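Protein chains in written order, with the working numbering: chain A, 1 to 152; chain B, 153 to 539.
Every residue, glycine too, gets a C-beta built ideally from N, C-alpha and C.
Please read these numbers as outputs of a predicted model, since none were measured by experiment.
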Amino acid sequence: MKAAARILGALFLILIISFFLTPVPEILARDKTAETFVDYDGDGFDDSAPDADGDGIPTVVENPSNAESATEAVPDDSPSVGMFDLSGGNAAAIDIEMSNSSAFGSRQFVARSLTQNRCSLDSDIGFGSSAGIGIGVMSGGMVCSGGVCHPR
Amino acid sequence: MKPRNSLIGGRMALVLLFTLPASNVSADIKMDFSGSSGYTSNLLSDSSRNEDSFSSTKVSLRAYPHSTTEISFNNDYTYYSKFYNLSSFNGGFGLRFIPTGKKSPLSILFSLNFSARVYRDNFLKFNNDNYDALFSAGYNWQGILFRSGVSYNSMKYHNPAVPDSLRSDSLVVSDKNTFKLFAGTNFALLNSISIDFEGGYAYMDYTRFRDTIGYINPSRFKPVDSFMTGDRLESYYFSPRISGQLGAKVGLNVTYNYRKFANKKDKVVYGPGTGWISPWALHYEGQSITASLKTYYLPHSIISSGIGYWDKTFFRSIDELFVWLKDAHKRRDFQTRFYLSLQRPIPLKSGTIVEPFLQFDYSDNKSSYKLYDYSSLSVSAGLTIKM
C-alpha cells in the first residue's frame, strides 16, 4: 500500500517537473498563438491535433513533414457562429459537403467533454485501455458484480 | 412479468431498425466489430482464484438519419470456458442528439439508451434491463470550458437476488434507480498542460435491512423482504485531473478521485458474493489516484499503460440468511492495478480501420473481508474493425 502510494507520488512529481523542463514540441510552439492546447479526454495529447487517416495517431507524429499541410482534426459542418448556435448547421450545405455521419462526428468532437464524467458510484471509469473488448478494457475494465465480470 | 421489459425493448429495437432507412434517404450507417480471446487467473476476483479463458465478440451499428442524430445498436457476447454458465449476451440500442454546431461555444448533448443482459439457464434470474438517460451542456468561455449534466439509470432485474421461496412478489429488492448530477471545468496552462476539475452529487434508491432487525430468519410466512426497508443512498465526489504532453510522443495524466457516501453508516444490504451477481458489490466510497501514460514511440502504434491505487469501503453485507445482523460483513479494500496495452491501427484505402490489440492487466487486492484478498492477472488479444 505504502509502496504503491510512493510510486504514484513519484510519478506525480515527475509529471509536474517534466511539464516545466520538457521543451514544448516544435509544432505546438509554432501554433501557440493560433490554437490553445485542449485535452478534454485526458490522454495528455492535444485533442485538436490533425489526424488525417483517422487512426487515432496525430499526423504530426506519424509524418512530421506533412504536419503543416494537415487539415483540422475534425471537418466543420456549421458555418454559423453565435453564442447559442442551435441551427443544426446549414442542412443543405451539409448534405452536399459531407455525410451525416461525418457531420455528426464533427458535432460529437466538440461535445466530447459532455460524454465523459467521473460521477459513477461504482466502477473505475477512465482507467484502463480503450482498445477492443475483454478483460481490462472498455474504458475502465470489466464490470465485476458479485465476483462475476463481463465487458462493459 | 419482468421479461416483458426485454421483449418491449427488443420490439422497439426492431421497429427502429426497420423504420430507419425510411426516415431519411441520406442516412448512412457505420459498423464496428470486435473479437477477442484471453485468459484470466481469477475470473471471480476473489480468494477462490478460479482461472478461466474467455472469448468476446461485439458488434455495434450506428445510423445517422440527420447530422444531429445518431442511433446505435450494440450487441456483445462473452463466453467463458470453465464457467460457461456465466456466459452472457448484452443487447441494446440508443439515441444520441447533439443540436449544437462546431463553432458554437455552447454544446448540448441528449442521450437515451436501453440494454438487456441475458445469462444462460443457471443464472436466468439475474437477467436485467438498463434504461439510461443523459442531458449535458457545456460552454466554452475564452478557452475555459464549463460543463454540467444530469444522468439517470434504472436497473431492473428480471428476478431479484433472493431465493424465490423466501421473497414476496410485492418487493423487488435488487432493482435500483440512480440519479447523478455533475459539473466541471477544463482549462489549459502554459499551452501544454490541461487542468480538469469535476465534482458532483448522486443518489441511488436501494433496499437494506432495517436497523432494528436482530436475527434474520425468513420463512414462507415471513419473507426476507419483510426484514427490509427502502432507503436512499446519497453520494458526493470531487475529482481533479492534470494531463499534458511530455515531448511529442508521450501523453500523461494523473487523476485523483474522492467519493463519500453521506448516509451509509452501518447500513446492511443483502449482497450475495461469489457466484451471485449482486447489485451492491460495486458500490463503494473512498479515494483513488491513477496515472496513465500513452505513447506513440512505436511507429504506427499506440502503447498505453497505467497504474492506480484505490481505497474502497463497501456496504456491510449479509451473504447468507439465518444470521445476526450485527455479524454483517465489513469490507474495506486496498487495491493496486496496472495495465499495459498495444494497439496497431491499420487504415485501409476504403476508410476502414483494422486494429489488432494486445493487453495485460494485473490487480492486487487486500481486503478486511478475507474472501476478497486476491490477485488477478489477465491477458487478452483481439481485433477491432471500424467501418
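Cβ neighbour criterion (16 or more within 10 Å) applied to residue i
| i | result |
| --- | --- |
| B/L341 | exposed |
| B/R360 | buried |
| B/G145 | With chain B running from 153 to 539 in the structure shown, residue 145 of chain B is simply not present. |
| B/G399 | exposed |
| B/N409 | buried |
| A/P64 | exposed |
| B/N517 | buried |
| B/E437 | buried |
| A/H150 | Unreliable placement is indicated for A/H150, whose pLDDT of 42 sits below 50; the coordinate value is still reported in the next sentence. Buried, because 16 or more other Cβ atoms sit within 10 Å of the Cβ of A/H150. |
| B/Y422 | buried |
| B/S528 | buried |
| B/R248 | buried |
| B/F474 | exposed |
| B/Y232 | buried |
| B/R393 | buried |
| B/K374 | exposed |
Within-8 Å CB hit, residue i to chain B
| i | result |
| --- | --- |
| A/T59 | no |
| A/S65 | no |
| A/S113 | yes |
| A/S48 | no |
Same chain, Cβ closer than 6 Å to residue i, neighbours up to 5 away in sequence not counted
| i | result |
| --- | --- |
| B/W462 | S440 and Q487 |
| B/L213 | M183 and F225 |
| B/L286 | S263 and S303 |
| B/T330 | N305 and M356 |
| B/L492 | S457 and F512 |
| B/S189 | S207 |
| B/F466 | Y436 and R483 |
| B/L297 | G290 and N338 |
| B/Y353 | L333 and Y388 |
| B/Q187 | A quick correction: the sequence has Gly, not Gln, at residue 187 of chain B. Contacts found: T209, G534 and L535. |
| A/F172 | The shown model of chain A, from 1 to 152, leaves out residue 172 of chain A, and the question about it has no answer. |
| B/Y521 | H481 and R483 |
| B/Q495 | I454, E507 and F509 |
| B/K234 | D204 |
| B/I365 | F379 and L477 |
| B/D284 | N265 and N305 |
| B/D348 | N338 and R393 |
| B/S444 | N405 and G458 |
Residue-chain proximity (residue i, chain A), Cβ-Cβ < 8 Å
| i | result |
| --- | --- |
| B/T465 | no |
| B/N338 | yes |
| B/E350 | yes |
| B/T252 | yes |
| B/S346 | yes |
| B/D180 | yes |
| B/R484 | no |
| B/P392 | no |
| B/R372 | no |
| B/K501 | no |
| B/P497 | yes |
| B/N279 | no |
| B/F334 | yes |
| B/G295 | yes |
| B/Y448 | yes |
| B/N329 | no |
| B/G382 | no |
| B/G366 | no |
| B/G438 | no |
| B/N343 | yes |
Proximity of residue i and residue j at Cβ, strictly below 8 Å
| i | j | result |
| --- | --- | --- |
| B/T220 | B/I260 | no |
| B/L404 | B/S395 | yes |
| B/G246 | B/A268 | no |
| B/P508 | A/G54 | no |
| B/F490 | B/I454 | no |
| B/D180 | B/Y216 | yes |
| B/S197 | B/Y514 | no |
| B/T447 | B/V406 | no |
| B/D485 | B/S519 | yes |
Contacting residues, own chain, Cβ-Cβ under 8 Å from residue i (five flanking each side not counted)
| i | result |
| --- | --- |
| B/T504 | I537, K538 and M539 |
| B/R362 | F379, M380 and T381 |
| A/Y40 | D47, R112, S113 and Q116 |
| B/K412 | S387, Y388, Y389 and E437 |
| B/N202 | N194, L195, L196, K234 and F235 |
| B/I368 | F361, V376, F379, I470, L473, F474, V475, W476 and L477 |
| B/S239 | Y229, T230, Y231, Y232, Y271 and R272 |
Cut-off 7 Å between Cβ atoms - residues of its own chain near residue i, not counting five sequence neighbours on either side
| i | result |
| --- | --- |
| B/N237 | R272, N274 and F275 |
| B/S344 | G396 and Q397 |
Any non-hydrogen atom of the ligand ZN closer than 7 Å to residue i Cβ
| i | result |
| --- | --- |
| B/Y231 | In terms of ligand content, the structure shown is empty, and the ligand ZN therefore cannot be addressed. |
Give, in chain order, every residue of the segment 398–418 of chain B whose Cβ lies closer than 8 Å to some Cβ of chain A. L398, G399, A400, K401, V402, G403, L404, N405, V406, T407, N409 and R411
Between the segment 217–246 of chain B and chain A, which residues of the former have a C-beta closer than 8 Å to a C-beta of the latter? P217, H218, S219, T220, T221, E222, D228, T230, L238, S240 and N242
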